[in-house]
Structures are given as structure tokens and as C-alpha cells.
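Each residue of the sequence shown is one higher than the one before, starting from 1 at the first, in the UniProt record's numbering. What follows is a single structure, written as C-alpha cells, with notes after it.
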Amino acid sequence: MSEPIDRSISTTPIPQPSTVQSLEKKLAHRPDAQDLVDQNILKAPTSVGRTLQAAQVELEKSKRADQLKHKLERRPDRDNLVQQNILRDTKVAPALQAREASLERARIADKLEHKLEQRPDREDLVQHNILKDSKVAPALQAREASLERARVADKLEHKLEQRPDREDLVQHNILKDSNAAPALQSLASDLQRAKLTDTLSHKLENRPKPEDLVARHILPGGEENAEPATTASS
């Protein structure tokens, strides 16, 4: 006869697998519903019907498609990308592309070396107030800079105090008299120019002759003027 089968239930606890522990750990740290809504993983629970929610999703997709289309239309063309060294010129053979890139790097290196050789030395930069004089202590540098700013401010204030007022500038024809109408300003300017022209013409007409200037010892006398003087003395 066969042995009877033991149908009793074992009370020995089943060891918990590591996968179950990992799952429980992840479930304990899973994000809540609001985080999933903020990340667009779940839809926000609203009172809007499903039809309106679907329409809202379609509108959002259409908006993003329009934005993408606009950006694609405004993207630079291939020639600009080649000129900016973002893309390589595929018209050149691959073997020549490496050579061309090497030559370009060498050219840029030579240009940079030339600029470094031509750069001003430190003394020039200190004189132009681009660099501070490191021979002075840092505390004195701040004090020196403060004194220099105060000196420049005092000099500027002195010049502003000594500047001429508006009336002087109007009298010297540097500024126009804004109290008069524009038509009168133009007429006054024309009259002033005519007055100056007449004054200059009058002075030119009444200027002395060269002989008078020689006689008054303003101009040096020539040989022609020296002979009459000698004859008269004899």
C-alpha cells in the first residue's frame, strides 16, 4: 500500500524576495498625484467633460506644432552653419576636410600669436587706468582710486561753474535765441551775416597801402623804398 500523503499546511514563514523589498521601497517613495500632474504624466482632475479635455489636448498639440514650425522656419540655413563652423562643408572630400581643418587651426593660431605680440605691455595699461599699479598696497590702491575720483569730480564741478551762461552763448552766435519765432531767427541770422559782410568789406576798403605800412615800420622796406630815403638824406 502507498504511504498516506501529508496534507497539513506548513507554518514555516516564506522568506521575502529582494524584488518585493525593492518594490515596497519604491512604493514608499513614489510621487504623489500632484507631482505627476505637474510633470504632465497625469491629467489634472477637473469638472470638465472628457470631450472638452480631449479638445484641450488637441489644442495644446496644435500650439506646440505651430511653435515648432515657426522655429524651423527661422532656423539658419546650411550655408550660415558652415560659415560659423558648426557644420563642415561636404563639398570637400573627407580626406581634404581634415587637412582644411588643420590649416584653419594653424591660421587662427598665427593670428592669435600676432595679436599677442602686438598687445600693449603692462605699463601702458597702467597709464591708461586699465590695470592698477600692483606696486601699491591693495589698501592704498582703493584710497588712491577714491582720491582720483574726487579730483576728477572737483575738476568737473569747477568747469561747470566756469561755463558761460546761455545769454553769452546767444551773443556769440553759438546758440540761437529761442525766444524769437523760427522765421525771425532765420531773418536775424541773415541780417547778422549781412552786417558782418558789410563790416569786413568796409575794413578791406579802408585798409592802408603797403607803402603806408612800410613808412610806419609795420612792414620791412625793400630796396626800392631804401633808395629814396638815401637820396633825401644826401
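Glycine residues also receive a C-beta, built at the ideal position from the N, C-alpha and C atoms. Note that the structure is a prediction, hence the values are computed from the model and not measured.
Test item: CB-CB of residue i and residue j under 9 Å
i, j, result
"residue 88", "residue 82", "yes"
"residue 156", "residue 166", "no"
"residue 132", "residue 141", "yes"
"residue 53", "residue 43", "yes"
"residue 177", "residue 188", "yes"
"residue 210", "residue 219", "yes"
"residue 144", "residue 136", "yes"
"residue 104", "residue 85", "yes"
"residue 192", "residue 206", "no"
Nonlocal neighbours in the same chain, by C-beta distance under 7 Å from residue i, ignoring five residues either side
i, result
"residue 33", "42"
"residue 241", "Outside the shown range of the chain, which is 1 to 234, sits residue 241, and nothing can be said about it."
"residue 36", "42"
"residue 112", "none"
"residue 125", "131"
"residue 19", "none"
"residue 98", "none"
"residue 216", "none"
Own chain partners of residue i with C-beta closer than 6 Å, once the 5 adjacent residues on each side are dropped
i, result
"residue 70", "none"
"residue 221", "214"
"residue 26", "none"
Close-in-space but distant-in-sequence residues of the same chain around residue i (CB under 8 Å, 5 per side omitted)
i, result
"residue 115", "none"
"residue 181", "none"
Those runs of the alpha helix (DSSP H) which lie wholly inside the stretch 179 to 229 and span at least 4 residues: 182 to 205, 210 to 215
Sequence ranges, alpha helix (DSSP H) only - wholly within the UniProt repeat "RPEL" (154 to 179), length at least 4: 166 to 171
Unbroken stretches of the beta strand (DSSP E), 3 residues or longer, contained in the UniProt repeat "RPEL" (110 to 135): none
Every unbroken alpha helix (DSSP H) within the stretch 26 to 114, with a cutoff of 4 residues, ordered by chain: 33 to 38, 50 to 74, 78 to 83
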